[in-house]
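To keep things clear, I will list the structure first and then write my remarks on it.
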Amino acid sequence: MMHLTLVSHHLCPYVQRAAIVSHEKGIDFTRVDIDLSAKPDWFLAISPTGKTPLLRVRDGEGTEHILFESAVIAEFCDEIAPGRMLPDDPLARARHRAWVEFASGTLAEIAGFYAAPDAAGYGAKVEALRLRFARVDAAHAGPWFGGERFGLVDAAFAPVFRYLDAFEALLGMDLVCGLEMLGEWRMRLASRPSVQSAVSPEYPARLAEFLRRRGSHMSRLLGQAA
Ligand SMILES: N[C@@H](CCC(=O)N[C@@H](CS)C(=O)NCC(=O)O)C(=O)O
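Just so you know, the sequence shown maps onto residues 18 to 243 in the working numbering.
Given below as structure tokens:
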């Protein structure tokens, strides 16, 4: 019997993927949140990248194994419990992995968006993000990304869409206007229990505070909106 500890940060979107997949697969884990601005020594000693999520896996013999990279952790959680969140067909599976990677790239664009120092950089990120959302809208089958089964691509995009909820609530900004299918997928994801439980009830307030303190163009817009 394995014991899993997910080393996390309360705002980290990559951690949410691992939490969503674990919940979907009925896998129990202990969650330990750390402060990424003052990383504990024990974390730095075991983490090759210094990033969350990190999964500590204690196997049946008591030996600890360290897994890092959210996409790898999500696939591991998928593989250790019955049912599959990736398609069986190799081509479809490869395609889904590519869209998980696309979700990671979208999270990186979002980080660039909320950290953009000026209006020009901010505007460029808005355009880049709109293009990405149009791409994923065209690739999405419905009701979930790959069709009838909730999968790893759904788990990867749920944290992306959670940011959109915050941008809408705080700035009245709609980055997916006109993309009807994507809008429905997003709402379906928001009401999924695994997605809801991947963050704490304090998440929206913490994220708003984080965005306000970036010293970025978005921080200034949030200051004006307050
Ligand atoms: N490619 C990594 C990205 C993880 C990542 O960027 N985590 C952020 C928090 S959301 C982090 O730990 N940042 C701390 C740092 O870079 O020092 C993954 O998918 O797990």
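All C-beta atoms, glycine included, are put in the ideal place defined by N, C-alpha and C.
- If you look at Ser211, you'll find it in the alpha helix (DSSP H) that goes 210 to 213.
- Taking C-alpha positions only, Leu53 is separated from Met102 by approximately 30 Å.
- For Glu78, the number of other beta carbons within 10 angstroms of its own is below 16, and it is reported as exposed.
- For the 9 Å CB-CB criterion, Phe174 and Leu224 do not form a contact.
- Proximity to Ala242 across His20, Gly189, Glu92 peaks at Gly189, based on C-alpha coordinates.
- For Asp50, the enclosing beta strand (DSSP E) has its first and last residue at 47 to 50.
- Counting along the chain, the unbroken alpha helix (DSSP H) around Thr123 starts and ends at 107 to 132.
- Of the candidates His26, Ile44, Val170, Val170 places its Cα closest to the Cα of Ala111.
- Taking the Cα of Val117 as reference, the smallest distance to any Cα among Ala172, Val193, His20, Glu201 is reached at Ala172.
- Bounds of the beta strand (DSSP E) holding Glu81 are 81 to 85.
- Per DSSP, Leu28 lies in no alpha helix (DSSP H) segment and is marked neither H nor E.
- At the C-beta level, Pro30 and Val177 come within 9 Å of one another.
- The C-beta distance from Val38 to Ala91 rounds to 4 Å, short enough to meet the 8 Å contact threshold.
- For Asp135, the closest alpha carbon among the candidates His27, Ser233, Ser25 is that of Ser233.
- Nearest C-alpha to Arg48 among Tyr139, Ala62, Val74: Val74.
- For Val193, there is no enclosing beta strand (DSSP E), as DSSP gives it neither H nor E.
- Distance from the CA of Ala137 to the CA of Gly129, rounded to the nearest whole angstrom, comes to 12 Å.
- An exposed status is given to Asp106, since fewer than 16 other beta-carbon atoms sit within 10 Å of its beta-carbon.
- For ligand 1, no non-hydrogen atom lies closer than 8 Å to the CB of Glu226.
- Linking Leu238 to Leu181 through their CA atoms gives a straight-line distance of about 16 Å.
- Burial check for Asp191: the Cβ neighbour count within 10 Å stays below 16, so the residue is exposed.
- Inter-residue distance for Glu81 and Pro210 is about 30 Å (C-alpha atoms, whole angstroms).
- At a Cβ-Cβ threshold of 9 Å, Leu196 and Phe162 do not count as neighbours.
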